[in-house]
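Our numbering applies: residue 42 is where the sequence shown begins, and numbers increase by one.
Beta carbons: idealized from backbone N, C-alpha and C, even for Gly.
Before any comments, here is the structure.
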Amino acid sequence: MMFDIAGSRIRSGEVRALAVTGASWHQDIPEVQTMAEVGLPAMTSTSGTGLMGPAGTPRDVVVLPNGMLNELIKVPDVQSKMKALGLMPAGGTPEEFGAWANEQRQKWIRVVKQAGIQSTN
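Given below as structure tokens:
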């Protein structure tokens, strides 16, 4: 299961965390081990948010909003609001995001194939 806003509930004792699925400890709940640390390294998974556009979008059209977003997430008020939602603000280049998105796509294609999951449509 994925809980993006579980940190406050874990800290209050309302929810007991068994592990986080990220590759490293979560900033809000550093006392909770990762899945790899509890012996399940194949269970590592992260989520992310980004903007995408059609292939072939001119570079200047891609770079401008990317730079604006990178600056926006440096604003302390924006960072605190994102962190309150359980998000870990991180900027980067379009290439870095593209590489991460492609890596995630390939990973989940493998998972679906290995599990024999098929569409019902």
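A119, enclosing alpha helix (DSSP H) - first and last residue: The displayed chain sequence assigns Val, not Ala, to residue 119. P117 to A125 is the span of the alpha helix (DSSP H), which, as asked, contains V119.
Residue burial classification, V56 (beta-carbon count within 10 angstroms, cutoff 16): exposed
Nearest to G94 (by Cα), restricted to the options L81, E136, S49 and I150: E136
V61 - DSSP class collapsed to helix/strand/coil: Note: V61 maps to strand in three-state DSSP.
Close-in-space but distant-in-sequence residues of the same chain around I150 (CB under 8 Å, 5 per side omitted): none
Which listed residue (A140, T62, V153 and V102) has its alpha carbon closest to that of A77: T62
Minimum length 3: unbroken beta strand (DSSP E) runs contained in the stretch 45-114: Secondary structure within the stretch 45-114: not one fully enclosed beta strand (DSSP E) run of 3 or more consecutive residues is present.
Whole-angstrom C-beta distance between G132 and I114, which should lie under 8 Å: 6 Å
Local conformation of A156 per DSSP, three classes: Helix.
Through-space distance from A83 to G97, alpha-carbon basis: 35 Å
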